[in-house]
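Residue numbers (the working numbering): 6 to 231.
Beta carbons are placed, not taken as given, at the ideal position from N, Cα and C, and that holds for glycine.
All values reported here derive from a predicted model rather than from experimental measurement.
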């Protein structure tokens, strides 16, 4: 692993870690299901599937009730509806704005690394970050490989002029911790995110865990030189 230095750059996963995107995803999926006379799914059942993408959410909603062709069509319609309203009800997770304000005050750059495609991530970030403070937005199709491959994180480092050892990646999925480890970057598991009850974030080999965004500041302070 790259030698770790004092954290100088913070990178965030988007869904569940940086923003609560579930409301708009749930609404779009419910509309797509209703158009096909299929029953909606409670959002709490979809919550742990957000990081796995639209198809996983659609499969959960349909179960064994539809064939592959119908499922494919549902996913296409789901994403079209979502694209039209990516930021209608989506908000930063509780405590994130205060963390971002403090990072800005300390002149610590931050960015987003997500598997969400740029057609969704970029308009969403324009709504969530109107001041354009994000130093980079690396989407699922910004590089040839998506997480858990390290390429997106390494690409973010290149954009920010940082080394992996100077960065920390905050995410709410095991693939986030794995991608960071492969990139030679420290990772923080966001316990407040979209984590399934059966998941064990403490087994992800992240460098630390936080239960609220602002707890990241104490971890950064503890790793700065005296």
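Under 8 Å between C-beta atoms of residue i and residue j
i: residue 218; j: residue 184; result: no
i: residue 80; j: residue 60; result: yes
i: residue 53; j: residue 174; result: no
i: residue 148; j: residue 20; result: no
i: residue 193; j: residue 222; result: no
i: residue 188; j: residue 158; result: yes
i: residue 146; j: residue 131; result: no
i: residue 227; j: residue 210; result: no
i: residue 108; j: residue 140; result: no
i: residue 11; j: residue 229; result: yes
i: residue 16; j: residue 172; result: yes
Whole-number beta carbon distance between residue j and residue i, since they are thought to touch under 8 Å
i: residue 167; j: residue 13; result: 6 Å
i: residue 105; j: residue 138; result: 7 Å
i: residue 35; j: residue 45; result: 4 Å
i: residue 114; j: residue 91; result: Not confirmed; about 24 Å, so no contact.
i: residue 33; j: residue 86; result: 4 Å
i: residue 212; j: residue 191; result: 4 Å
i: residue 98; j: residue 117; result: 13 Å between Cβ atoms; not a contact.
i: residue 51; j: residue 31; result: 6 Å
i: residue 197; j: residue 179; result: Not confirmed; about 16 Å, so no contact.
For residue i: DSSP bridge partner residues
i: residue 32; result: None; residue 32 has no bridge partner.
i: residue 25; result: 96
i: residue 4; result: Because the chain spans 6 through 231 in this model, residue 4 falls outside it and cannot be assessed.
i: residue 213; result: 193
i: residue 15; result: 115, 173
i: residue 143; result: 118
Boundaries of the beta strand (DSSP E) in which residue i is found, first to last residue
i: residue 174; result: 172-176
Helix, strand or coil at residue i according to DSSP, with G and I counted as helix
i: residue 192; result: strand
i: residue 116; result: strand
i: residue 55; result: helix
i: residue 200; result: coil
i: residue 152; result: coil
i: residue 183; result: helix
i: residue 43; result: coil
i: residue 69; result: coil
i: residue 63; result: helix
i: residue 37; result: helix
Check: residue i C-beta below 7 Å from any heavy atom of the ligand ZN
i: residue 50; result: Here there are no bound small molecules, and the ligand ZN is not part of this structure.
Limits of the unbroken alpha helix (DSSP H) element including residue i
i: residue 87; result: 73-89
i: residue 207; result: Unbroken run through residue 207: none, as it is neither H nor E.
i: residue 160; result: 156-165
i: residue 227; result: 220-227
i: residue 106; result: 101-110
i: residue 128; result: 123-133
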